[in-house]
Every structure is written in C-alpha cells, then in structure tokens.
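K.L.:
First residue of the sequence shown? That's 8 in my numbering, and the numbers climb one at a time after it. Glycine included, every Cβ here is placed at the ideal spot set by N, Cα and C. The model shown is predicted, which means the values in this text are computed figures rather than measured ones.
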Amino acid sequence: MQETKPTHVRYLILLMLFLVTTINYADRATIAIAGSSLQKDLGIDAVTLGYIFSAFGWAYVAGQIPGGWLLDRFGSKKIYALSIFTWSLFTVLQGYVGEFGMSTAVVALFMLRFLVGLAEAPSFPGNARIVAAWFPTAERGTASAIFNSAQYFATVLFAPLMGWIVYRFGWQHVFIVMGVIGIVFSLVWLKVIYSPRQHPMINEAEFNHIAANGAMVDMDQDKGKEKKADGPKWDYIRQLLTNRMMLGVYLGQYCINGITYFFLTWFPVYLVQERGMTILKAGFIASLPAICGFIGGVLGGVISDYLLRKGHSLTFARKTPIIAGLLVSSSIVACNYVDIEWMVVGFMALAFFGKGVGALGWAVVSDTSPKQIAGLSGGLFNTFGNLASITTPIVIGYIISATGSFKWALVFVGCNALVAVFSYLVIVGPIKRVVLKEPTAKDADLSSLSEAKS
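1. With a 10 Å radius around its C-beta and 16 neighbouring C-beta atoms as the bar for buried, classify valine 163 as buried or exposed.
2. Starting from lysine 326 and walking both ways along the alpha helix (DSSP H), at which residues does that stretch end?
3. Nearest-angstrom Cα distance between leucine 89 and serine 110?
4. So, valine 113 versus phenylalanine 97, is the Cβ gap smaller than 7 Å?
5. Would you say the segment 68–75 touches the segment 295–314, given that touching needs at least three Cβ pairs under 8 Å?
6. Which residue comes first and which comes last in the alpha helix (DSSP H) that contains valine 345?
7. Using 8 Å for Cβ pairs, my map puts valine 426 next to valine 256. What's the rounded Cβ distance?
8. Assuming the contact rule is C-beta atoms closer than 8 Å, valine 462 and isoleucine 91 should be a hit. Round their C-beta distance to whole Å, please.
9. What do you reckon, are the CB atoms on valine 181 and valine 173 nearer than 7 Å?
10. Touching or not, the segment 376–385 and the segment 40–52, by the rule of three or more beta carbon pairs under 8 Å?
11. Determine the DSSP secondary structure at methionine 252, reduced to helix, strand or coil.
12. Run the CB neighbour count on glycine 231, radius 10 Å, all protein chains shown included, and call it buried at 16 or more, exposed below.
13. Quick check: what's the CA-CA separation for glutamine 332 versus phenylalanine 359?
14. In whole angstroms, what separates the C-alpha of isoleucine 59 from that of alanine 212?
15. Just to confirm the assignment, what range does the alpha helix (DSSP H) spanning alanine 381 have?
16. What would DSSP say about tryptophan 196, mapped onto helix, strand or coil?
17. What number of angstroms, rounded off, separates the C-alpha of valine 4 from the C-alpha of serine 412?
18. Grab me the residues of valine 16's own chain with a C-beta within less than 7 Å of its C-beta, minus the 5 sequence neighbours each way, in chain order.
19. Just the C-alpha distance for threonine 327 and glycine 318, rounded to the nearest angstrom, thanks.
20. Is the beta carbon of leucine 367 closer than 7 Å to that of isoleucine 329?
21. Skipping 5 residues on each side, what residues in its chain have a beta carbon closer than 6 Å to that of alanine 289?
22. Are at least three pairs of beta-carbons, each pair with one atom in the segment 253–273 and one in the segment 392–402, less than 8 Å apart?
23. At which residues does the alpha helix (DSSP H) containing aspartate 225 begin and terminate?
24. Give the list of continuous beta strand (DSSP E) stretches no shorter than 3 residues that lie fully inside the segment 157–184.
25. Taking the straight line between their C-alpha atoms, what separation do you get for valine 441 and valine 224?
26. Decide if arginine 251 is buried, meaning its Cβ has at least 16 other Cβ atoms within 10 Å, or exposed.
27. Give the range of the alpha helix (DSSP H) segment to which threonine 410 is assigned.
28. Candidates Val345, Asp242, Asn343 and Ser336: which alpha carbon is nearest alanine 356's?
29. Can you check whether the CB of alanine 135 is closer than 7 Å to the CB of glycine 308?
30. From glycine 57 to arginine 35, what does the alpha carbon distance come to, in whole angstroms?
31. Hey, leucine 258 and serine 373: beta-carbon distance below 7 Å or not?
32. Under 7 Å between the Cβ atoms of valine 340 and leucine 417?
33. For asparagine 220, count neighbouring C-beta atoms within 10 Å of its own C-beta (all shown protein chains included) and say buried if the count is 16 or more, exposed if not.
34. Could you have a look at phenylalanine 413 and say whether DSSP puts it in helix, strand or coil?
35. Using a 10 Å radius around the Cβ and a threshold of 16 neighbouring Cβ atoms, would you call valine 352 buried or exposed?
The structure is reproduced here in structure tokens:
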C-alpha cells in the first residue's frame with residue numbers, strides 16, 4: 008500500500024449510493040408518472056388513487072425498524088443487495104396488473120406497491136450507515152446531501168423517459184423497464200460495495216485518514232457471527248423516543264417528507280389535471296423543479312460542511328441551511344395566485360430548490376446516531392419521516408375530492424415546510440451525538456424472553 012497518496016474509494020462508494028438512490032426514487036415515482044393513464048384505464052377516482060399512492064408508505068414505515076435491525080445484524084452489503092433485487096422484482100410485476108379485472112387490478116396494485124415499500128425499507132438507513140462508515144465528520148454533510156439529492160436527479164433523469172414510455176407504449180411498460188434496471192444494479196452492488204477494512208481498492212493512507220477523522224470504519228466487521236449481543240435493544244429505542252432533540256428531528260423529517268411525497272405522487276397529476284398538460288409534457292416539466300431540487304440538495308450539504316470547517320458549531324452548520332431552505336420551500340403556495348405556466352413552474356422550482364437545501368436530516372442522523380445502533384437509529388428516523396408517505400397522498404386525495412382543485416393541497420404542502428422550521432428552531436436544540444445508557448439486567452431479560460417467544 009502507498010501511504011503518501013491516499014486513494015479515494017469513498018467517492019466510488021458515494022457514487023454507488025447516489026445511483027442506487029436514483030433508482031430507488033425512480034421506482035417510487037413510476038406510479039406518479041403512470042397515475043393519470045392508470046386512473047383512466049382502471050376507472051378509479053382520486054381518493055382510490057390516493058390510497059394506492061399511500062400503499063408504499065404503509066409498508067415502508069412498518070419495515071424501518073426491522074430493516075435497521077437487519078442492517079446492524081448482518082451488515083449493509085448483503086441486506087441492501089437483497090433489498091434492491093426484491094423491490095425491483097415487485098416493480099416489474101406491477102406492469103402486469105392490467106391483465107386482471109378492475110377490482111382485482113386495484114387490489115393487486117395496492118399489494119405490489121406495499122411490497123415495494125417493504126423491500127425498500129432498509130435503503131436509507133443503509134445509506135446513513137455506509138456514509139458513517141466511510142466518511143469523516145467534516146465530509147458527512149456533503150456526502151449525505153449528495154445521496155439524498157438523488158431523489159431529485161431521479162426525476163430529472165427518469166421523469167421525461169417515463170413520460171415518453173407512457174405516451175408511446177402505455178403505463179404498463181414503465182414498471183417493467185424500471186424494474187429490470189434495478190435487478191441489474193443489484194448485481195453491480197455486490198461487486199463494488201465493501202466495508203472500509205475489506206474493500207480491495209482502498210489503501211492504508213485513505214483508511215487511516217477516514218478512521219482518524221470520525222468514520223466508524225469497523226461498523227460492519229464480523230456481522231452475522233454475533234448473536235444475542237447484536238439483537239434489537241428495545242430500551243435503546245425508548246431512549247431515542249424520549250430524547251427531545253431526536254423528537255424534533257423526527258417531526259422535522261415528517262414535514263420535509265410531506266413536501267417530497269407531494270412531488271413524488273400528485274405533482275404530475277397536478278400538471279395534467281389542474282394545468283391541462285399532456286402526460287408527455289408533464290414528464291418533461293416535472294424534471295425542471297427536480298433539477299433545482301438536486302442543485303439545492305447538493306448546495307445544502309456543501310454549505311453545511313463549509314460552515315463546519317470554518318469553525319462554526321455543528322448545530323449552527325446544520326440548522327442554518329435547513330431553516331433557510333424550508334422557508335424558501337413554503338413559496339409553493341404562490342402557485343395558487345398565478346396562471347401563467349412558466350410562473351407556476353418557476354414557483355414549483357423555487358420550492359423544490361428550498362426543500363433540497365433544507366433536506367439535511369440524514370446528515371443530522373449520521374451526526375447523532377449511536378455507533379451500536381446506527382441502522383436502528385436511522386430506521387426509527389425514517390419511520391417517523393415516512394409516515395408522510397402514508398398521510399400526504401391520502402390527505403391530498405381527500406382535499407381534491409372535497410374541493411375539486413389543488414389549491415388547498417398546495418397550502419397543506421406549504422404548511423409542512425413551516426412546521427419543520429418551527430421544529431428545528433424550537434424543539435431540536437443543540438445537535439450532538441446521543442450517548443445511550445446500557446439496558447439494565449431486567450431489560451435484557453425481557454428482550455431475551457421476547458426473542459424466545461418469537
């Protein structure tokens with residue numbers, strides 16, 4: 008190994024996280040791009056479509072804590088690879104629900120979206136674990152922002168493609184194409200992803216650099232060999248749930264994801280039904296706010312790490328872009344007061360840019376999660392955040408059904424941004440790593456009894 012010139016394998020790892028998150032969010036968005044055509048073909052109303060949109064969220068939320076535990080128990084590489092392959096297979100199968108009658112097709116689509124959500128559950132806790140293992144503290148905000156910004160890049164890259172596929176071949180083919188891409192990528196993942204100690208491309212200089220500057224390089228060592236010591240600690244969950252800082256972070260992430268899931272579910276439908284665009288045009292238009300979201304997402308992480316390197320506290324460095332970005336994101340409500348198409352797109356782009364800047368929750372989780380339950384902590388964080396994937400599509404569906412328009416739906420989305428600002432300003436307080444108390448003997452006995460019963 009050359010010690011004088013460090014390798015940069017961690018950037019290859021970050022590229023893989025960016026690509027897998029792009030595929031992840033593209034697969035989530037397939038239903039939104041196909042939504043209007045699917046709704047017409049299957050003869051379903053706005054409320055039913057809202058419940059279908061939410062199916063992903065029910066399972067995704069339910070799978071967060073089990074997914075985080077699996078990551079902590081068996082390591083990120085294997086669990087994440089299985090996750091990618093499985094969600095991609097269920098995505099392919101969605102392309103065949105039209106072969107059934109209407110009622111059966113609706114149930115099948117709901118169930119398959121549910122299974123996609125369950126399979127994707129370990130993805131973001133896995134991202135946070137891998138970033139914590141590979142990146143020094145002063146690079147973690149940028150790294151987290153880059154993988155998180157892939158959600159916008161997914162729309163930039165795939166929304167026009169998926170819109171064209173629906174327009175040219177029909178909505179069924181969107182699911183098949185995207186699912187096959189994911190299956191292929193799961194094989195690439197197994198070839199490229201390793202822990203820092205095991206990666207064949209890293210040299211000693213890079214390993215020593217990241218290890219000496221805050222990377223948790225031994226997080227995945229000997230996973231699968233440990234037994235009881237590596238199981239879920241329910242008292243740890245209780246400690247996180249009674250920590251004021253973490254509760255504020257959870258509430259903030261719920262509201263931020265409320266904005267995200269408007270764009271992932273109802274936004275293309277809004278462009279078609281409220282603004283009268285074709286699905287082909289909506290696919291291209293949807294990519295414009297996503298480009299701004301991508302730029303904002305990367306910029307938020309860069310600004311945060313820059314403030315950290317300049318000597319500002321971790322609290323100031325993380326909170327400043329979060330609060331400023333979310334205030335900008337509330338501008339989505341202005342779309343209710345303009346009729347010119349380019350102005351509507353402009354305000355949507357501004358709102359998505361602000362949301363991107365403010366979406367630093369995963370960096371905060373990497374900063375605050377205890378080493379022994381990094382996956383479980385990320386899973387708990389994502390559980391609260393993705394409750395919005397259930398509530399947002401349903402609430403917006405009911406608002407549209409009751410009012411006949413999207414005006415109050417946009418107000419609802421804007422209010423989410425303001426509540427997130429309140430949470431980080433008032434509830435979160437100083438940002439610091441959580442130090443857990445070891446469970447008592449009584450807690451350990453209860454945990455063992457629970458495992459024995461299961």
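P.N.:
Inspection of the coordinates gives the following:
1. With 16 or more other Cβ atoms within 10 Å, it is buried.
2. 321–336
3. 31 Å
4. Taking 7 Å as the cut-off, the beta carbon of valine 113 is found no closer than this to the beta carbon of phenylalanine 97.
5. no
6. Where valine 345 is concerned, there is no enclosing alpha helix (DSSP H), given that its DSSP letter is neither H nor E.
7. Your pair valine 426 and valine 256 does not check out as a contact, with CB atoms roughly 13 Å apart and the cut at 8 Å.
8. With the chain running from 8 to 461 in the structure shown, residue 462 is simply not present.
9. yes
10. Flag = no, the segment 376–385 and the segment 40–52 do not touch.
11. helix
12. Confidence at glycine 231 is low in this model, with a pLDDT of 47, below 50, so the placement of that residue should be treated as unreliable; the coordinate-derived value is given next. Per the 10 Å Cβ criterion, exposed.
13. Sequence inspection shows glycine at residue 332; the glutamine mentioned does not correspond to that position. Computed Cα separation, rounded: 9 Å.
14. 50 Å
15. Following the DSSP letters along the chain, one finds alanine 381 inside the alpha helix (DSSP H) bounded by residues 381–392.
16. helix
17. Outside the displayed range of the chain (8 to 461) lies residue 4, so it cannot be described from this structure.
18. Answer for valine 16: His206, Met208, Ile209 and Glu213, listed in chain order.
19. Taking the straight line joining both Cα atoms gives about 14 Å.
20. yes
21. Within the same chain, Pro275, Leu278 and Val279 come within 6 Å of alanine 289 by CB-CB distance, once the 5 residues on both sides are set aside.
22. yes
23. Per DSSP, aspartate 225 belongs to no alpha helix (DSSP H) and is neither H nor E.
24. none
25. 19 Å
26. exposed
27. 395–410
28. Ser336
29. Contact flag unset, no.
30. 14 Å
31. No. Outside cutoff.
32. yes
33. exposed
34. coil
35. buried
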